[in-house]
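This report concerns only the one structure given below.
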Amino acid sequence: MVSPESAREAALRALVDIDERNAYAQQARDRILENVDLAMRDRAFCTQLIFGVTKHKKTIDHIIRTFSTRPIRKMDPVTRNTLRLGVYQIYCLEQIPSHAAVYECVALAKKYAHVGSAGFVNAVLRSLLRNPDAIRFPDYAQETVSHISLKHSHPEWLVSRWIKRFGPEETERLCQVNNEEPSVTIRTNTLKITRDALVLKLRREGFEAVPSDLVDEAIEVGSTGDLFNHELYSSGMFIAQDIASMLVSYVLSPKPNEHVMDLAAAPGGKTTHIAQLMGDRGQIIACDVHEHRLALISENLQRLGILSVKPMICDSRRLPDDIGAREFDKVLLDAACSGTGVLRRRADLRWQRTDEDLRDLVALQRELLESAAHLVKPGGVLVYSTCSIEPEENSEQICDFLKEHIEFSKDHAEPYLPAGFRMAFPDQGKPFVNTYPHTHGIDGFFIARLTRK
């Protein structure tokens, strides 16, 4: 392909990269946008197309099969993903005129695909326009799992397990929310600026900034525009972080001059929040097993002006000898997990996970918990968190841990949660925090606070 000249061309190129090379959606998007000269509005549209097609791929392919005489797997990657782009715009984006979507996709097929592809793309998309009622999903009552899976583009194994826990109606709502574009929340760096002052600066620069009622440092940003290339960002006035993620550091409740360990710390959102809550006084060791991810922590520390954190590359299951046992006041283990609480933010994650992965992750988390437990001094605190909504990784994991470690006990998280969050959700933190995108409007997280006797 030649260098893309439009948002749709750039999106097509990224989608082919994802399709052919099994690339991550985020990385494919970043690569293409690094090498194109698109206006900010077009870059945002390109991102919407890449992530939207990736999220809705199962539904989109079901629609293509309805109107195509050719199996999807036998289409070349350019034709297949040109059709996906077209169906996504027609079926999912009401603000895009259907005729424009068809015209642009036919043009892409003419430019990039083989001879005859343009006519095929045109025929399939116009058939969809002429007869949208031809789209059929499995019967809801008889085939509930298949219906929700196809209609809301989630893997059947995940839909099936959620129905057993939540019932079909709540599962459908959760899937719908996972397909929505998530809001952007930033955390004020109160080491440099107050939230009120930052809100004023953002509004003066044309950004939609609304202080959150749930967490004192949080700001909801409606239209991000060029926010993360702005001087306010580069000078360290804020960092992107969801409210659910901010709750973790509150539950840890670090104090100035304490000795804190943050295991699996990259990219540093929670690490820097811990430092902020400590007034950047004390010592925080931030571990991660991957050097390139540790570099992200260092970049955030420098940008935010934080001095109390020492990044360290290590496997949290096999900590170096110079990290002594039972010497930390607070230990945070934000464990590797299935990520089912953040599917709305990670477009391709739903297609990468399997139920077998879940079993492997539970075993890994158990190892990480064992390692973390050795670091906590008597009277100290261990906080375990995930961005999963699966009980095996969360409450069941903690209950199993406590059976084997009588020296630890559950500590209710509620007193440590921000007042605004406690007021909005009084059932949370008794003893654990469990947030869900479809009920709390934030990422799905689990947080447990344990105290060593």
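For the sequence shown, the residue numbers in this note's numbering are 1008 to 1460.
We put the CB at the ideal spot given by N, CA and C, even for glycine.
In this structure, DSSP gives D1249 a state outside helix and strand, which the three-state scheme calls coil. The Cβ-Cβ distance between R1087 and D1140 does not fall below 8 Å. Minimum Cα-Cα distance from P1327 among the listed residues D1295, L1350, A1302 and N1441 corresponds to D1295.
Per DSSP, the beta-bridge partners of R1194 are A1225 and I1246. Each residue's CA atom was taken as its position, placing F1453 and E1227 some 22 Å apart.
Here DSSP, grouped into helix, strand and coil, assigns N1129 to helix.
Residue state for P1327 is assigned as coil, using DSSP reduced to three classes.
Minimum Cα-Cα distance from G1243 among the listed residues I1193, A1273 and L1221 corresponds to I1193.
In this structure the region 1290-1306 does not lie against the region 1202-1215, because fewer than three pairs of beta carbons, one per stretch, are closer than 8 Å. Between C1112 and L1132, the CB-CB gap stays under 8 Å. By the CB criterion at 8 Å, F1428 and V1222 fall inside the cutoff. Pairing E1421 with Q1435 gives a Cβ-Cβ distance under 8 Å. In this structure, V1085 is the residue among I1142, V1369 and V1085 with its C-alpha nearest to the C-alpha of Y1119. Its Cα nearest to that of V1128, the residue G1093 stands out among I1155, E1101, L1234 and G1093. For H1266, DSSP records a beta bridge to Q1290. For G1386, the uninterrupted beta strand (DSSP E) segment begins and ends at V1383 to T1393. Unbroken alpha helix (DSSP H) runs of no fewer than 4 residues, entirely contained in the region 1011-1044, are found at 1014-1028 and 1032-1041, following chain order.
For K1208, same chain residues with a beta-carbon under 7 Å away, outside a window of 5 residues either side, are L1239 in chain order.
Here S1075 carries a coil assignment [DSSP, helix/strand/coil].
Separation of A1030 and P1274 (C-alpha to C-alpha, rounded to the nearest whole angstrom) is 20 Å. Collapsing the DSSP output to three states places K1171 in a helix. In the DSSP assignment, T1054 falls outside any beta strand (DSSP E) and lies within the alpha helix (DSSP H) extending over M1047 to K1062.
D1362 is classed as exposed because its beta carbon has fewer than 16 other beta carbons within 10 Å across all chains shown.
If you draw a straight line from the Cα of L1284 to the Cα of L1022, it comes to about 41 Å. The three-state reading of DSSP puts K1317 in strand, counting E and B together. If you ignore the 5 residues before and after L1181, its C-beta comes within less than 8 Å of the C-beta of W1169, F1173, Y1443, P1444 and H1445, all in its own chain and listed in chain order.
For the options G1232, A1251 and K1337, the alpha carbon positioned closest to that of E1265 is the one of K1337. Residue pairing from DSSP places K1417 in a beta bridge opposite L1457. When DSSP reads this structure, N1441 sits in a beta bridge with F1453. Rounded to whole angstroms, the gap between the alpha carbons of F1408 and T1347 is 22 Å. Contact between D1269 and A1293 holds: CB atoms are separated by about 5 Å, below the 8 Å threshold. One thing to note: A1247 has its Cβ no nearer than 8 Å to the Cβ of T1061. Here the alpha carbon of K1065 sits roughly 40 Å from the alpha carbon of R1325. P1189 sits in coil when the DSSP states are folded into three classes, being neither helix nor strand. With contacts defined by Cβ atoms closer than 8 Å, K1384 and R1333 form a contacting pair.
For the 8 Å CB-CB criterion, I1097 and A1108 form a contact.
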